[in-house]
Structures are given as structure tokens and as C-alpha cells.
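J.: The numbers in the working numbering rise by one with no breaks, and the one at position 54 of the sequence shown is 110.
Glycine included, every Cβ here is placed at the ideal spot set by N, Cα and C.
Note that this is a predicted model, so its numbers are computed, not measured.
Mind having a look at this structure? Questions to follow.
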Amino acid sequence: MAQENFRNTTDQQTVIIGGGVCGLAIGWELAEAGLAVTIVERGHCGREATHAAAGMLAAAAECEPGEEQLLQLTRWAQQLWPSYLDRLEASSGLRPDYRDEGTLVVALNRDEVERLRFRHEFQTSLGLPLTWLEGHELREREPHLRQSAAAAIYSAEDHQVDNRQLAESLKQAYLNAGGRLREDCEVTSLDCSEPTRKRISLGSGEVLEAKTLVLAAGAWTRGLPGLPDAAKPPVRPLKGQSLALQMVPQESLLAHVLWTEQIYCVPRRDGRLIIGATVEERGFDDSITAGGIYALIEGARRALPGIEDLPLIESWSGFRPGCRDDAPVLGETPVPGLHLATGHHRNGILLAPVTGHCIAQEILTGALPEAARPFTLARFKPLSARRKKSHLQYQ
Ligand code: GLY
Numbered sequence: 057m058a059q060e061n062f063r064n065t066t067d068q069q070t071v072i073i074g075g076g077v078c079g080l081a082i083g084w085e086l087a088e089a090g091l092a093v094t095i096v097e098r099g100h101c102g103r104e105a106t107h108a109a110a111g112m113l114a115a116a117a118e119c120e121p122g123e124e125q126l127l128q129l130t131r132w133a134q135q136l137w138p139s140y141l142d143r144l145e146a147s148s149g150l151r152p153d154y155r156d157e158g159t160l161v162v163a164l165n166r167d168e169v170e171r172l173r174f175r176h177e178f179q180t181s182l183g184l185p186l187t188w189l190e191g192h193e194l195r196e197r198e199p200h201l202r203q204s205a206a207a208a209i210y211s212a213e214d215h216q217v218d219n220r221q222l223a224e225s226l227k228q229a230y231l232n233a234g235g236r237l238r239e240d241c242e243v244t245s246l247d248c249s250e251p252t253r254k255r256i257s258l259g260s261g262e263v264l265e266a267k268t269l270v271l272a273a274g275a276w277t278r279g280l281p282g283l284p285d286a287a288k289p290p291v292r293p294l295k296g297q298s299l300a301l302q303m304v305p306q307e308s309l310l311a312h313v314l315w316t317e318q319i320y321c322v323p324r325r326d327g328r329l330i331i332g333a334t335v336e337e338r339g340f341d342d343s344i345t346a347g348g349i350y351a352l353i354e355g356a357r358r359a360l361p362g363i364e365d366l367p368l369i370e371s372w373s374g375f376r377p378g379c380r381d382d383a384p385v386l387g388e389t390p391v392p393g394l395h396l397a398t399g400h401h402r403n404g405i406l407l408a409p410v411t412g413h414c415i416a417q418e419i420l421t422g423a424l425p426e427a428a429r430p431f432t433l434a435r436f437k438p439l440s441a442r443r444k445k446s447h448l449q450y451q
């Protein structure tokens, strides 16, 4: 079949709802593979959770008990990042800023040291490459830290990327690969009643038809009108407020990404110091609150007293797509041809390359890569339903 005919055949088309980094990453892979792809975004690409993120690629520092399986996915993503940036630059002409100084998780007093030791023991027991730093070693690395800072875990492999630049370069790479983009385009209803033809009604009155539909609409995925119950992920919005201070780039207060028990600080090369983030169960209330901003500034000042003189240049909020078990939901649902890529919680930027690869592979080959298989929607089925299914399979 000629490539052009294939591209114009609407019933071969893939539609992706959501133009954040995950939707764009999937779209880019599929468009590069020659599929006809349309991304439908109700606002502008990369303006929701992607915009609100801090770009930390923190597989090790953020790993908590119970997340051992997720660690396989996040560590894989970390390994992919350097070559992913090369590919992205070659395809888009844009290279998002990437910093590899690593991450410090600091204890600011003796009580915090005890908790940090526990964290260090747990994370090193998983084989993560982490280094314990005493207070003087820590302050040698970061001289602007409060003098009483007592200890830290140093994670050399937890880097950071500029998430907003990432969205721009992914969008350009997607468009350069021939992907189609509909921005400012609300989905008013989905009709998934036919196995090989999904209908996506838009606010403009148009109806798109697709053989394959991918839902990558972050915290909004579950609420898409017409989404069949069998395909609804247990995902909800988890609000985060953040702010940015402006440092003089040549006089940066910080080189590493810094975590304390209250906040994280992410220094950008242009002198912005991002301080985040609250974690709030407030539905889709996007207000910036005095309490939220106070907590962030107070938490950052405990670690870096020098921030007091810096101008506050931006504050924002966003909605992490939080899943019931804090892990993403990836892959085809019980509705044939309907795929999910949501629930990335705190790891959307880190997991974008893996999400793009895995969902594209599933669509192109029919098989979800091994590392993503524990993260399908099937894991939320009641145990009784899972038992029944395996019983039937062996009959
Ligand atoms: N990963 C950063 C955050 O969720 O705030």
C-alpha cells in the first residue's frame, strides 16, 4: 500500500487524547514509524502537568518502600534519557537543557538524619548507587546550604531536564515526523462500541474516527465523556503548587537538585530556582494559596537561607495524575484498540521516553514490552475476577 494512501485511511488512524509529554512521546514514535496519528489537545500542548513539573529524573531519590517494581521502569527510563535527547535534537532541532550534577537528599537536623539513614538503607538494599555524605562533605559540594545541614544521600544518576523545553522539542519532533495536531480542541464524547472503529466527537462538531485510541489526558483521563467503565483508570488529580525564584546565573546558590523533608529545589542554568511542591487532595481547584507558598518558601529557607533576597518570579499549580497505587497505567484496556498512558503521578517527565516506546510498541507489534506489563489496568481487577480468568485459561 502506498504510504500516502495509508496515511489518508481514517480507519487506520491512531488518535491520542492529550498533548502532554507522554501523549507527544507516543505520537512521535508512531508518526516516525509511518502511522497516521492525530493528537487532540483541549488547550495547548505541554501546558498542564508537563508545565507544572520540575523535570527531576529521580528514579533513586524518589524510590519508596512498595515501589520496587516501578523502579525497574524508572531506572530503565534513566538509562534511555541521554540517547533520547540526542534523537530528539536530531528530529526537532531543539535540545532541552539537561543537567547531570545529580541529586542531594539532605537532613537538616539530627532527627532527620535518623530518618535519612533508614531511607539510605532501604534504597541501597535495592542496589541503587547512592553515597552517604557527612555534613562537611555536603557543604563542600553546596556551600550555600545552612551550616547545620547534618548529612545527605547523594544520587549521582538522578539528573534533571527542563520539562517545558522538553514539551517544545517533542511537539516539534512529532510535527516533523508528520504527526497531526489539534490544539484548543475539546473532546465532547467517545464512542468505543465498535471494536475496530472509535468515534471521537469534538467541540467543533467534527467526529474523528480511529482504529486505535490512546488516552494520555493525565488527571482528566478518567472523566473523558463516554469512556467505558471497563477502561476507567483509578486516577485522580493530586494538586501541586510550586514557585520560581530568580538567581544571578553566575552566582547560583545551588548546583544539585536538592530534597529536604519538606520541599525540593531545582536550579536551572538560566538562574531560575524552582521550589516545589505541595501535594494536595483538592480536586481540580487550581488556586495558589498563601499557605502553599508560605510552606514552600519556609521549607526552602530552612535549607538555603540565601533565598531571602531573591525575587519571586512565578508561581503555579498543576495536577499530577495520581493513581491508586502511585504507579502509571499503561497499555491496552479490555476495550480492544483503546490504550491508556496515564497515572504517572510524580514521574511523568522521567517516564515519557519509556511510555512513548512501550505504547508505540504495543500498537505496532501487538505486544506490550515486558517491563510495562505489571502496569496495565488489569492489576486493579478484583482478585476473584483474576482467579476466574486464570481458571478459564487453563480449562
Ligand atoms: N515529581 C515532582 C512532583 O511531583 O512534585
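Give the single residue among 184, 206, 429 whose Cα lies nearest to the Cα of residue 193.
T.: It is 206.
J.: Give the DSSP-derived three-state secondary structure of residue 101 in the structure shown.
T.: Coil.
J.: Do residue 312 and residue 158 have their C-beta atoms within less than 7 Å of each other?
T.: In contact: residue 312 and residue 158 (Cβ atoms closer than 7 Å).
J.: Less than 7 Å separating the beta-carbons of residue 349 and residue 356?
T.: No. Outside cutoff.
J.: Residue 370 lies in the alpha helix (DSSP H); which residues open and close that run?
T.: Segment 368-379 is the beta strand (DSSP E) holding residue 370; no alpha helix (DSSP H) there.
J.: Checking 7 Å against the spacing of the C-beta atoms, do residue 432 and residue 289 come in under that value?
T.: No. Outside cutoff.
J.: Can you tell which of 109, 307, 155 has the C-alpha that lies nearest to the C-alpha of residue 365?
T.: Among 109, 307, 155, the Cα nearest to that of residue 365 belongs to 307.
J.: Please confirm if the stretch 80-87 is in contact with the stretch 226-237, defined as three or more CB-CB distances below 8 Å between the two stretches.
T.: Yes, they touch.
J.: What's the gap between the Cα of residue 83 and the Cα of residue 95?
T.: If I take the Cα positions, the gap works out to 7 Å.
J.: Are residue 223 and residue 345 closer than 7 Å when you measure CB to CB?
T.: No. Outside cutoff.
J.: Quick one: does the C-beta of residue 472 sit closer than 6 Å to a heavy atom of the ligand GLY?
T.: The first residue shown for the chain is 57 and the last is 451, placing residue 472 beyond what the model contains.
J.: Take residue 187 and list the residues in its own chain whose beta-carbon comes closer than 6 Å to its own, dropping the five residues that flank it on each side.
T.: Closer than 6 Å at Cβ, skipping near neighbours: 210.
J.: State the Cα-Cα distance for the pair residue 448 and residue 435, rounded to the nearest angstrom.
T.: The predicted position of residue 448 is uncertain, since its pLDDT is 39 and thus under 50; a value taken from the coordinates is nonetheless stated next. In a straight line, the C-alpha of residue 448 is about 18 Å away from that of residue 435.
J.: Where residue 372 and residue 298 are concerned, what is the direct C-alpha to C-alpha distance, given to the nearest angstrom?
T.: About 6 Å.
J.: Buried or exposed: which applies to residue 271, given that a residue is buried once 16 or more other Cβ atoms fall within 10 Å of its Cβ?
T.: Looking at its Cβ environment, which holds 16 or more other Cβ atoms inside 10 Å, residue 271 is buried.
J.: Apply the 10 Å Cβ neighbour rule to residue 109 and answer buried if 16 or more other Cβ atoms are within range, or exposed otherwise.
T.: It is buried - the Cβ of residue 109 has at least 16 other Cβ atoms within 10 Å.
J.: According to DSSP, residue 254 sits in a beta bridge with which residue or residues?
T.: Answer is 266.
J.: Give me the Cα-Cα distance between residue 430 and residue 119, rounded to the nearest whole angstrom.
T.: Cα to Cα, the separation comes out at about 17 Å.
J.: In whole angstroms, what separates the C-alpha of residue 173 from that of residue 122?
T.: Their backbone Cα atoms lie some 18 Å apart in a straight line.
J.: Can you give, in chain order, each stretch of the alpha helix (DSSP H) that sits fully within the stretch 184-220 and has at least 4 residues?
T.: Runs of the alpha helix (DSSP H) inside the stretch 184-220: 191-197.
J.: Consult DSSP for residue 435 and reduce its assignment to one of helix, strand or coil.
T.: Three-state DSSP puts residue 435 in a helix.
J.: So does residue 155 have its beta carbon nearer than 6 Å to some heavy atom of the ligand GLY?
T.: Incorrect: residue 155 has no Cβ contact closer than 6 Å to the ligand GLY.
J.: Taking C-alpha atoms, which residue in 402, 153, 368 lies nearest to residue 304?
T.: The shortest Cα separation from residue 304 among 402, 153, 368 belongs to 368.
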